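Before any comments, here is the structure.
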Amino acid sequence: MVFDLAWLPQLTQGLLLTLQITTACIAMGIVLGILLALGRVYGNRLISTPCSIYIQIFRGTPLLVQLLMVYYGLPSWGIYPSAFISGVLALGLNTGAYQAEYLRGAIQAVNQGQLMAARAIGMSLPQAIRYIVLPQAFRIVIPSWSNELILMVKYSSIVFSVTLLDLMGVGKRIAARNFRYFEVFVVVALFYLVLVFIISQLLRLLEHRARIPGLGEHAEQR
Amino acid sequence: MSLLKAENIHKRYGKEEVLKGVSLELERGETMVVIGPSGTGKSTFLRCINQLTPPDKGRVWLDGVEVTHPKCNINRLRAQMGFVFQDFNLFSHLNTLRNVSIGLTKVKGIRKEDARKLAMKELERVGLDDKIDAYPAQLSGGQQQRVSIARALAMEPKLILFDEPTSALDPELIGEVLEVMIKLAKDGMTMLVVTHEMGFARAVADEIVFMEHGVIVEQGNPQQMFSAPKHPRTGEFLNKITELYGETE
Chain A
9 MVFDLAWLPQ
19 LTQGLLLTLQ
29 ITTACIAMGI
39 VLGILLALGR
49 VYGNRLISTP
59 CSIYIQIFRG
69 TPLLVQLLMV
79 YYGLPSWGIY
89 PSAFISGVLA
99 LGLNTGAYQA
109 EYLRGAIQAV
119 NQGQLMAARA
129 IGMSLPQAIR
139 YIVLPQAFRI
149 VIPSWSNELI
159 LMVKYSSIVF
169 SVTLLDLMGV
179 GKRIAARNFR
189 YFEVFVVVAL
199 FYLVLVFIIS
209 QLLRLLEHRA
219 RIPGLGEHAE
229 QR
Chain B
24 MSLLKAENIH
34 KRYGKEEVLK
44 GVSLELERGE
54 TMVVIGPSGT
64 GKSTFLRCIN
74 QLTPPDKGRV
84 WLDGVEVTHP
94 KCNINRLRAQ
104 MGFVFQDFNL
114 FSHLNTLRNV
124 SIGLTKVKGI
134 RKEDARKLAM
144 KELERVGLDD
154 KIDAYPAQLS
164 GGQQQRVSIA
174 RALAMEPKLI
184 LFDEPTSALD
194 PELIGEVLEV
204 MIKLAKDGMT
214 MLVVTHEMGF
224 ARAVADEIVF
234 MEHGVIVEQG
244 NPQQMFSAPK
254 HPRTGEFLNK
264 ITELYGETE
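Chains A and B, in that order, give the protein sequences.
For what it's worth, the numbering used here labels the leading residue of the first sequence as 9, then goes sequentially.
For what it's worth, the numbering used here labels the leading residue of the second sequence as 24, then goes sequentially.
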């Protein structure tokens, strides 16, 4: 088996698209996740119920089905999203539901007494959430959020099914031409592996930087 | 006009009526100590005053302004009532200085530089100006409680409510907190204190209130309460508590 790597540059193009899609859907997921989590924890029933239903639906159905419904389904409602938009939308809507659940857990893990103390010095509920609860919840959520980010890097590969030439899509096209499926996909897999490695190192750094002095040490002892 | 007036406060949790019509008045500069067995609604009563737990019935006035009025700006009124919790409730992600100054910047809108100076002043007052960079998890319980007193003081409240401020502390750390509180009382701060520390009550209380089963059983000045309680339950409780906690005087 001889490695002919003339197709390697094409893969970098795909890598770029994978990065774009992942970044966009993660950003969308963060915003959506925060809103959904806040709605679930602090909303009245009129707000928290729809949030719960949303989360249940998007966690309870396959991502691929969601993607195909956006790309092939929306046109029948007169909406024609591009493949890129469809990919970002489906992935973003999906990860938003997961991130909401992680963040909800983190919010509930923040000592409620601190919220009371914030109210006691005259903060409004939104102020107390913004300055006291969320900064701590974000720190708590980093580990599970890292997992989600890494999953999204890999899940983003399903966008090849809506014609996008991301890392996976490019790989598939190259392989279909030169029939070197094994070589091509090994390289594709390596690309993902390196990407995930870099991201998880960055996130570990973030987790370390965000650690609250005095608290981290106790956590390590446990 | 009294600084704080609570009238006929009722609060019920499910079937249990925790407060059955509690009324009291507190004059400016006075220290009032509330005592009584656990589970008799003392903490709930404190929270009903600053509306952390809104009462079912009854009204509260702070300096003539009705706190229980549905149209009052409760956040602004709360900022005028300091609250010191049993388990401190410091903001764990902020250092000592920020714990004290965050209310100044975010609630009062004071510039960061000025807030810092004011916070430093209050931390000096509780003897922790050398710990401004420490985080709550790096402080002892006594230090944490002193920071939380400084946090309350920084808002320049009209009165401070203390909810068993020494109950979560190791015995050897109680003294440093009580010392700060005694100093405050002597400096003329208006204080409403729920505590079992009889030494503190004897030293600085202008009035002692004995609460049981959601009502005020008896109230009076410390001398009268300790030496000649009118109600038999008051004497019984005071004897028991003195036996248990000793006289810290």
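Quick reminder that beta carbons are idealized off the backbone N, C-alpha and C, glycines included.
Predicted model only: the values in this text are computed from it and were never measured.
Whose Cβ in chain A lies nearer than 8 Å to the Cβ of residue i?
i, result
"H33 of chain B", "Ordered by position in chain A, no residue passes the 8 Å Cβ test against H33 of chain B, which lies about 21 Å from the chain."
"K263 of chain B", "Correct list: empty, because the minimum Cβ distance to chain A is about 29 Å."
"D110 of chain B", "G121"
Have a look at the DSSP bridge pairing and note the partners of residue i.
i, result
"E89 of chain B", "B:W84"
"E39 of chain B", "B:Y36"
"Q242 of chain B", "B:V232"
"E30 of chain B", "B:R82"
"T54 of chain B", "B:M214"
"V45 of chain B", "B:I32"
Whose Cβ in chain A lies nearer than 9 Å to the Cβ of residue i?
i, result
"Q166 of chain B", "Chain A residues near Q166 of chain B: none, gap ~12 Å exceeds 9 Å."
"M178 of chain B", "I129, G130"
Can you name the start and end residues of the alpha helix (DSSP H) that residue i belongs to?
i, result
"G177 of chain A", "175-186"
"M24 of chain B", "Neither: M24 of chain B is in no alpha helix (DSSP H) and is coded neither H nor E."
"E50 of chain B", "Segment: none, E50 of chain B is in no alpha helix (DSSP H) and carries neither H nor E."
"L137 of chain B", "First, the amino acid is wrong: residue 137 of chain B is Asp here, not Leu. Looking at the DSSP string, the run of the alpha helix (DSSP H) that includes D137 of chain B is 135-148."
"I205 of chain B", "194-209"
"T128 of chain B", "119-129"
"Q15 of chain B", "Beyond the ends of chain B as shown, which are 24 and 272, falls residue 15 of chain B; an answer cannot be given."
"F223 of chain B", "221-227"
"L4 of chain A", "Since the first and last residues shown for chain A are 9 and 230, residue 4 of chain A lies out of range."
"V73 of chain A", "71-76"
"F92 of chain A", "91-117"
"N73 of chain B", "Taken as a continuous stretch (DSSP letters only), N73 of chain B belongs to no alpha helix (DSSP H), as it is neither H nor E."
"S56 of chain A", "53-68"
"P143 of chain A", "142-163"
Under 7 Å between beta-carbons, which chain B residues line up against residue i? List them in chain order, please.
i, result
"A128 of chain A", "N73, L75, R101, F106"
"P143 of chain A", "H116"
"Y139 of chain A", "I125, K129"
Looking at the unbroken beta strand (DSSP E) that takes in residue i, where does it start and where does it end?
i, result
"M234 of chain B", "230-235"
"M104 of chain B", "104-107"
"L215 of chain B", "214-217"
"L184 of chain B", "182-186"
Nearest to residue i by CA position, among the options, is which residue?
i, options, result
"F260 of chain B", "B:I58, B:L117, B:L192", "B:I58"
"R225 of chain B", "B:P194, B:I239, B:T265, B:K253", "B:T265"
"D152 of chain B", "B:G164, B:S163, B:A173, B:R134", "B:A173"
"R148 of chain B", "B:V123, B:D79, B:A228", "B:V123"
"P255 of chain B", "B:T128, B:L267, B:E235", "B:E235"
"L66 of chain A", "A:A98, A:Y80, A:T57, A:N52", "A quick correction: the sequence has Phe, not Leu, at residue 66 of chain A. F66 of chain A has its Cα closest to that of A:A98, out of A:A98, A:Y80, A:T57, A:N52."
"D193 of chain B", "B:T213, B:Q167, B:D210", "B:Q167"
"E202 of chain B", "B:I239, B:E241, B:G150, B:V88", "B:G150"
"L267 of chain B", "B:V90, B:P77, B:M221", "B:M221"
"D210 of chain B", "B:V41, B:E195, B:V227, B:G198", "B:V227"
"G113 of chain A", "A:L159, A:L44, A:P83", "A:L44"
"L215 of chain B", "B:V238, B:K206, B:I197, B:E187", "B:E187"
"P89 of chain A", "A:T171, A:I148, A:F190, A:V204", "A:T171"
"S94 of chain A", "A:Q116, A:R127, A:I148, A:S169", "A:S169"
"C71 of chain B", "B:T189, B:G37, B:R82", "B:R82"
"F92 of chain A", "A:T30, A:L13, A:Q116, A:A117", "A:T30"
"G62 of chain B", "B:F223, B:M178, B:D229, B:V217", "B:V217"
"E39 of chain B", "B:G237, B:A251, B:H219, B:C95", "B:G237"
"I158 of chain A", "A:I42, A:S56, A:S208, A:L75", "A:S208"
"H33 of chain B", "B:D110, B:T91, B:M55", "B:T91"
"F193 of chain A", "A:H216, A:G86, A:Y62, A:S165", "A:S165"
Cβ closer than 7 Å: which chain A residues qualify as neighbours of residue i?
i, result
"G126 of chain B", "I129, G130"
"V130 of chain B", "I129, G130, M131"
"R174 of chain B", "I129"
Which residues in chain B sit within 8 Å of residue i, going by Cβ to Cβ distance?
i, result
"L223 of chain A", "S115, Y158, A160"
"R147 of chain A", "H116"
"I220 of chain A", "S115, H116, Y158, A160"
Run through chain D and tell me which residues come within less than 8 Å of residue i, C-beta to C-beta.
i, result
"R148 of chain B", "Reference to chain D is not applicable here, since the protein chains of this structure are A and B."
Taking Cβ-Cβ distances shorter than 9 Å, what residues in chain B pair up with residue i?
i, result
"Q135 of chain A", "N98, K129, V130"
"A14 of chain A", "Correct list: empty, because the minimum Cβ distance to chain B is about 53 Å."
"M124 of chain A", "R70, L75, F106, F108, N112"
"Y79 of chain A", "Chain B residues near Y79 of chain A: none, gap ~42 Å exceeds 9 Å."
So is the beta-carbon of residue i under 6 Å away from any non-hydrogen atom of the ligand MG?
i, result
"V149 of chain A", "For the structure depicted, the ligand MG is absent and the ligand set is empty, with no information on it obtainable."
Please determine if the stretch 47-65 of chain A and the stretch 101-112 of chain A are in contact, where contact requires at least 3 C-beta pairs separated by less than 8 Å.
yes
Given 8 Å, three or more beta-carbon pairs between the stretch 11-23 of chain A and the stretch 173-187 of chain A:
yes
Taking 8 Å as the threshold, find out whether the stretch 124-131 of chain B comes into contact with the stretch 98-115 of chain B through three or more Cβ pairs.
yes
Do three or more CB pairs link the stretch 237-255 of chain B to the stretch 36-55 of chain B at distances below 8 Å?
yes
For the stretch 24-32 of chain B against the stretch 82-93 of chain B, are there 3 or more C-beta pairs whose distance is under 8 Å?
yes
Should the stretch 150-166 of chain A be called in touch with the stretch 125-139 of chain A, which here means at least 3 C-beta pairs below 8 Å?
no
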